[in-house]
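Everything below concerns the one structure shown next.
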Amino acid sequence: MYYELDLTDNEQILLLANQLKHHHFDVAIFAAGVMLSPEIRTSDGVEFHNAVNVVGQVMLYELLQNEIKRAIFLSSATARMACYSRDLNFLSVYAGPYQAYASSKLNLAVYVNEVSRKRHVTAVSLHPGTVPGHLYHNANPLVRYLNATILPKILRKPEMAAILVLHTVLREDIQPGAYYEDTEVVNLADCIPEQVSERSRIYETIHRQVELWME
1 MYYELDLTDN
11 EQILLLANQL
21 KHHHFDVAIF
31 AAGVMLSPEI
41 RTSDGVEFHN
51 AVNVVGQVML
61 YELLQNEIKR
71 AIFLSSATAR
81 MACYSRDLNF
91 LSVYAGPYQA
101 YASSKLNLAV
111 YVNEVSRKRH
121 VTAVSLHPGT
131 VPGHLYHNAN
141 PLVRYLNATI
151 LPKILRKPEM
161 AAILVLHTVL
171 REDIQPGAYY
181 EDTEVVNLAD
191 CIPEQVSERS
201 RIYETIHRQV
211 ELWME
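In full-length UniProt numbering, the protein residues as written are 1 to 215.
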């Protein structure tokens with residue numbers, strides 16, 4: 001089966017979830033993503049990176065959560081370099097193309113950690129490695145040139161990244177809520193001051209936005 005989906009369109013997400021709701025998934029891999037996009041927001045004000053990388057995927061996951069045994073969300077090591085925002089409307093904040101991407105990946109990793117803790121589900125996030133590909137189509141001309149010529153020879157191959165993803169989600173000692181890099185758990189807590197209350201706030205804000213999209 002093949003489904004094409006716009007993760008900024010809540011009606012499309014609802015339709016796909018309705019089509020899949022009678023299926024059982026031992027493993028679900030949430031691998032959609034955008035990077036280095038110019039400043040764009042959805043009609044209700046969600047910044048584009050957060051809409052695709054976080055809210056859209058989380059909405060699909062929450063609609064199908066009872067059907068999914070294990071879930072893995074592709075995050076990024078750039079989450080460590082995100083400029084954490086205390087803005088109450090952080091899902092609408094655009095701090096430049098790189099920071100928008102990094103912040104969305106941090107938000108996603110925090111959501112995964114919190115949803116695993118609060119709902120006792122098995123979900124993890126993972127940095128699959130830096131893999132040259134279409135994700136860089138919004139980069140500057142020099143980076144696009146390197147992405148098409150030199151970087152594929154020296155950076156991680158897509159096949160290796162795929163093996164790492166499968167190894168992580170199928171491992172017997174998987175730690176629900178953890179963020180992984182190269183098979184190891186990495187603690188992102190230092191990226192968020194007052195981590196307990198702030199992690200909960202990030203989770204609740206994302207969850208509320210998902211609920212709005214479900215209406």
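We put the beta carbon where it would ideally sit given N, CA and C, even for glycine.
- With a beta-carbon spacing of about 20 Å, residue 73 and residue 99 fall beyond the 8 Å limit used to define contacts.
- Residue 168 has its alpha-carbon roughly 28 Å from the corresponding atom of residue 205.
- Secondary structure note for residue 206: its alpha helix (DSSP H) is the uninterrupted segment 195-214.
- The three-state secondary structure of residue 75, taken from DSSP, is coil.
- When 69, 3, 30, 27 are compared, the shortest CA-CA separation from residue 19 is found for 3.
- Around the beta carbon of residue 30, a 10 Å sphere encloses 16 or more other beta carbons of the protein chains shown; the residue is thus reported as buried.
- Fully enclosed beta strand (DSSP E) runs of no fewer than 3 residues occupy 25-30, 68-74, 123-127 of the UniProt domain "NAD-dependent epimerase/dehydratase" (3-155), in order along the chain.
- Closest option to residue 49, judged by alpha-carbon separation, among 152, 93, 16, 26: 93.
- The shortest C-alpha to C-alpha distance from residue 118 to any of 207, 80, 190, 6 is the one to 207.
- Its Cα nearest to that of residue 33, the residue 104 stands out among 149, 141, 104.
- Between the segment 123-131 and the segment 157-171, the count of Cβ pairs shorter than 8 Å is three or higher; the stretches touch.
- DSSP places residue 159 outside any beta strand (DSSP E); the residue lies instead in the alpha helix (DSSP H), whose first and last residues are 158-170.
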